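Asker:
Residue numbers (our numbering): 47 to 157.
(1) According to DSSP, is residue 82 helix, strand or coil?
(2) What are the residues that DSSP puts in a beta bridge with residue 77?
(3) So, using beta-carbon positions, are residue 86 and residue 77 closer together than 9 Å?
(4) Less than 7 Å between C-beta atoms, sequence neighbours within five positions excluded: which residues of the same chain meet that for residue 61?
(5) Residue 66: which of 133, 91, 130 and 127 sits nearest, CA to CA?
(6) Between which two residues does the alpha helix (DSSP H) containing residue 99 stretch?
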């Protein structure tokens, strides 16, 4: 089969198609082309292997590192935003519980 895993079997089990990776991915995974035709990969391999490879094909090696750095910066920003959103959701939940408790104590919790 060469240096890549058997793609058909791994896709049934939702395991990344890269040989040094045993990570599982969700229902669909990411398209690993052009590195592995018809392959599906995890988010880590997509971000660290497939996208940089595609960038080098499009822009050449000299631009690849610059574009990869920009992608990494944007990923950090998205992860930070997701963290803040989760903290805000928890705070809203806590405040709603507190409000419900106050309404129960006052007797107007049905309103």
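Quick reminder that beta carbons are idealized off the backbone N, C-alpha and C, glycines included.
For clarity, every value in this text was computed on a predicted model and none was experimentally measured.
Answerer: In short, the structure shows the following:
(1) On the chain shown, position 36 is the one that residue 82 refers to. Reduced to three states, the DSSP call for residue 82 is coil.
(2) Residue mapping note: residue 77 aligns to position 31 of the chain shown, counting from 1. Its beta-bridge partners are 86.
(3) Along the chain shown, read from residue 1 onward, the residue named residue 86 stands at position 40. Along the chain shown, read from residue 1 onward, the residue named residue 77 stands at position 31. Cβ atoms of residue 86 and residue 77: closer than 9 Å.
(4) Within the chain shown, the letter at position 15 stands for residue 61. For residue 61, where only same-chain residues beyond five positions count, the Cβ hits under 7 Å are 68 and 70.
(5) Counted from its first residue, the chain shown places residue 66 at position 20. Among 133, 91, 130 and 127, the Cα nearest to that of residue 66 belongs to 91.
(6) The residue given as residue 99 occupies position 53 in the chain shown. Where residue 99 is concerned, the enclosing alpha helix (DSSP H) stretches over 97-105.
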